[in-house]
Structure formats: C-alpha cells, structure tokens
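Asker: Just so you know, we're using the UniProt record's numbering here: the sequence shown kicks off at 1 and counts up by one.
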Amino acid sequence: MAYEVKGVVARSKGAPVTVETIIVPDPGPGEAVVDIQACGVCHTDLHYREGGINDEFPFLLGHEAAGVVSAVGAGVTNVAVGDYVVLNWRAVCGECRACRKGALQYCFNTHNASQKMTLADGTELSPALGIGAFVEKTLVHSGQCTKVDPAAPPTAAGLLGCGVMAGVGAAINTGAVQRGESVAVFGCGGVGDAAIAGAKLAGATTIIAVDIDDRKLEWAKKFGATHTVNSKNTDAVEAIKGHTGGFGVDVAIDAVGHPAVFEQAFYARDLAGRVVLVGVPTPDMTIELPLIEVFGRGGATKSSWYGDCLPSRDFPMLIDLYLQGRFPLDDFVSETIGIDDVDAAFEKMHHGEVLRSVVVFK
Numbered sequence: 001m002a003y004e005v006k007g008v009v010a011r012s013k014g015a016p017v018t019v020e021t022i023i024v025p026d027p028g029p030g031e032a033v034v035d036i037q038a039c040g041v042c043h044t045d046l047h048y049r050e051g052g053i054n055d056e057f058p059f060l061l062g063h064e065a066a067g068v069v070s071a072v073g074a075g076v077t078n079v080a081v082g083d084y085v086v087l088n089w090r091a092v093c094g095e096c097r098a099c100r101k102g103a104l105q106y107c108f109n110t111h112n113a114s115q116k117m118t119l120a121d122g123t124e125l126s127p128a129l130g131i132g133a134f135v136e137k138t139l140v141h142s143g144q145c146t147k148v149d150p151a152a153p154p155t156a157a158g159l160l161g162c163g164v165m166a167g168v169g170a171a172i173n174t175g176a177v178q179r180g181e182s183v184a185v186f187g188c189g190g191v192g193d194a195a196i197a198g199a200k201l202a203g204a205t206t207i208i209a210v211d212i213d214d215r216k217l218e219w220a221k222k223f224g225a226t227h228t229v230n231s232k233n234t235d236a237v238e239a240i241k242g243h244t245g246g247f248g249v250d251v252a253i254d255a256v257g258h259p260a261v262f263e264q265a266f267y268a269r270d271l272a273g274r275v276v277l278v279g280v281p282t283p284d285m286t287i288e289l290p291l292i293e294v295f296g297r298g299g300a301t302k303s304s305w306y307g308d309c310l311p312s313r314d315f316p317m318l319i320d321l322y323l324q325g326r327f328p329l330d331d332f333v334s335e336t337i338g339i340d341d342v343d344a345a346f347e348k349m350h351h352g353e354v355l356r357s358v359v360v361f362k
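See the structure below:
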C-alpha cells in the first residue's frame, strides 16, 4: 500500500518551492521507508532549486534528516522497524573498485532506492542526493539508514547527514588534523564551523577562522576558533602567518569553494602542510598556480568528498560525543521551522542570517 504524504518540491529552475502530495511506495527489496522527524535546510537543496546540480526536475528536496524506520523491504537486515536513524547519501556498495580496496569512504557506486516517489499525477520525482527528506515519509535504500542513539534529538542528529559531517570530516578524516597542530578555516557557514569544531575535537591548539562577515566570525568562536580574520579588511595569508610565528598553518581548509579562497588557503599553509577543499565550486571555475610553488611547498592538496566519511562509523561516534557534551550539534540549529517555510529559509541562508534552519515534522 502506497503512502500519501506532504513534501517540498522544486518544479522548475529558480521557481519558488511548493508543498505537494507525494506518493511513497511500499519498500521493495533492500529499501526502507523512514518517518522523517527533522530535516536541515542545506545549501545543496538551494543548488537543486536553482538548477545548479542537474536539470532532472521536479526535485523532492531535503536530505539532512533523522527519523524512525516505519517499513522495510525484503532482505533488509541492517535496520528494522522502530530504529532511529540518520539518513546518508553514502550507502556503500561493497563491490566497486574503491570498496574492493577497503576504501569504503570513497565508494563510487553508492546505493539509492530503486523505486521512485511520485507526485499525485504520477510524475516521477528526483530526490535530493537520493534521499528527498522535506517530506513526512521518504523511501531510501536501507544502506542510507544509519542507526544512532535515540537520546539525540532529531533536530541535532539529522545535521550529520550532510553539512556538519562534511565539515568535521574535512578536518578529521581528509585533513588528518593532529593534536597540537594549527588550522585555518576559510568560510564560516555551517560546513566551515563544523570544520572548526572538528579541528578542536582533534586537538588543534591554534584554529583561525576566516570570513568577510564579522557576525559569522563571532559564530566561529563558539565552535572553537582561537583567532578570527576578516579577509575583507585584512590580508588573510599575512594575518594567518602572524598567528603562526610567520610559518602558516599545518592544515588550511577551504569551505567556500572559490578560486580566490583556495589560493589563499594554498599560500596560508606551512611547508609540508595540507590544503583541503570541501566547499563546492561551480563547473566554470578554474585556478592557476605556479607549479614550482606546488612542488616547493610539499605537503598535500586534497578534495574532501562528504568529509571522506563512513556513515556507519562516523555518525554513531559523533552522536556519542554530542551526548557526552563534547560536540556542539545544537549550536548549529539557528531556528526550527515548518514545512511551509523552506523558501523563507533559503532567503535567510542566502543572506547569511542562519547556520541551519531545521524543518520539524509533528
């Protein structure tokens, strides 16, 4: 029996989203239906609405979500009805060349549900990041469900599904921040502040937040920034060197995804330092660097895909740290909203007024 629920749909490029009736099929083999309790409003959802991901409209938006499994299909063993889960978009296949090498965090063939959710007239929907969670119930592959401790409220837990995990993982997994190291994070939105929190968690002792908005720099201090630099008014590279004995940082993280910012991160690191790109650039962006500088500075330049996370390993760990009071998930939640308020949340995000608006389902 299919379910009729309400969800947020982007029908065409740049158009306001609409709340519509969504038809969610019973789960087939390997699939699960999840009753969504809360879902964060991520910049990726705005990219979908603006046609910045692809043009496979209409989209069922939302993907940073937590909820309870309400039905499972044949052959599902990793979750059961009643399990409290955070949804992820890296349901590892176990068979691709990355998985066969033991690098499951780079799985090149992650699973999604085989069946399609539709509008009431039968029009098939493209779920954002294979999830689609601005909806009362959603259909996913069971591997997209990661069980976590139900003591964590869904408003906080769901944020691990994308932006927070991307930032934390950029610091801990990709950047491999060590105790006593120095870190600079460029861009202090949700992903950047999560990278700052991740650097603090890893034991970095100097954490420099860089942004052009003083309000965001104040937010960054809550997550562990020891120094702040407004790059609108100050040469960020020189300021960072000033905070690190003239050498630069061990790890520089670009959470913006812009060539000018990446270049700052590249030059703001110490010799043999690491540069991590976790901000998502647009397809038309290019960068040019002197090859002798790439060679002469040594170290590593890396891209961070979803924080190079393994959800089954990282989500429960971060939830446990949150419940111990060691990881400030609640501080990312700027406001809770209803399903009708997503477009307004996009505007607040665009103007830098929030870290995360979170849709709460009654």
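Note that the Cβ used here is the ideal one computed from N, Cα and C, for glycine as well.
When you compare each of V81, L277, E293 and G94 to V261 by their alpha carbons, which one comes out closest?
Answerer: That would be L277, whose Cα lies nearest to the Cα of V261.
Asker: Which class does E50 belong to by DSSP, given the choice of helix, strand or coil?
Answerer: The answer is coil: DSSP assigns E50 none of H, G, I, E or B.
Asker: Could you please give the first and the last residue of the uninterrupted alpha helix (DSSP H) stretch that includes G190?
Answerer: G190 to A202 is the span of the alpha helix (DSSP H), which, as asked, contains G190.
Asker: Taking only three categories from DSSP, how would you classify I172?
Answerer: It is helical.
Asker: Tell me which residues share the same chain as I239 and place their Cβ nearer than 6 Å to its Cβ, disregarding the 5 neighbours each side in the sequence.
Answerer: The displayed chain sequence assigns Ala, not Ile, to residue 239. Answer for A239: V229, listed in chain order.
Asker: Please say whether Q115 and L87 have beta carbons closer to each other than 8 Å?
Answerer: In this structure, Q115 does not lie closer than 8 Å to L87 by Cβ.
Asker: I'd like the span of the beta strand (DSSP E) that includes C39, first residue to last.
Answerer: Here the beta strand (DSSP E) through C39 covers E31 to G40.
Asker: Which residues in the same chain as S142 place their Cβ atom closer than 7 Å to its Cβ, once the five residues preceding and following it in sequence are excluded?
Answerer: Closer than 7 Å at the Cβ level, and outside the excluded window around S142, lie G30, E31, A32, V72, V76, N78 and V79.
Asker: Would you check if the region 165-176 and the region 193-208 touch, i.e. whether three or more CB-CB distances between them fall below 8 Å?
Answerer: In short, these stretches touch, since the Cβ pair count reaches three.
Asker: DSSP three-state label for F266, please.
Answerer: If DSSP states are grouped into helix, strand and coil, F266 belongs with the helices.
Asker: To the nearest angstrom, how far is the alpha carbon of P283 from that of E181?
Answerer: P283 and E181: Cα-Cα distance of roughly 33 Å.
Asker: Figure out for me which residue from E353, D26, F315 and P58 has the closest Cα to the Cα of M165.
Answerer: Here the closest residue by C-alpha is F315.
Asker: Is P154 helix, strand or coil when you go by DSSP?
Answerer: Three-state DSSP puts P154 in a helix.
Asker: With a CB to CB cut of under 7 Å and the five nearest residues on each side skipped, what residues in its chain are close to A91?
Answerer: Cβ within range, chain order: T110, H111, H141, G143 and Q144.
Asker: Please decide whether A156 counts as near chain B, where near means a Cβ-Cβ distance under 8 Å.
Answerer: Absent here is chain B; the protein component of the structure consists of one chain.
Asker: Would you list, in sequence order, the uninterrupted beta strand (DSSP E) runs of no fewer than 3 residues that lie entirely inside the region 277-360?
Answerer: The region 277-360 contains these whole beta strand (DSSP E) runs: 300-303, 333-337 and 356-360.
Asker: Any idea if S304 is buried or exposed, counting beta-carbon neighbours within 10 angstroms, 16 or more meaning buried?
Answerer: Classification for S304: buried.
Asker: Once you ignore the five residues that flank A157 on each side, which residues in its own chain have a CB closer than 7 Å to its CB?
Answerer: Cβ within range, chain order: A66, V86, V148 and I319.
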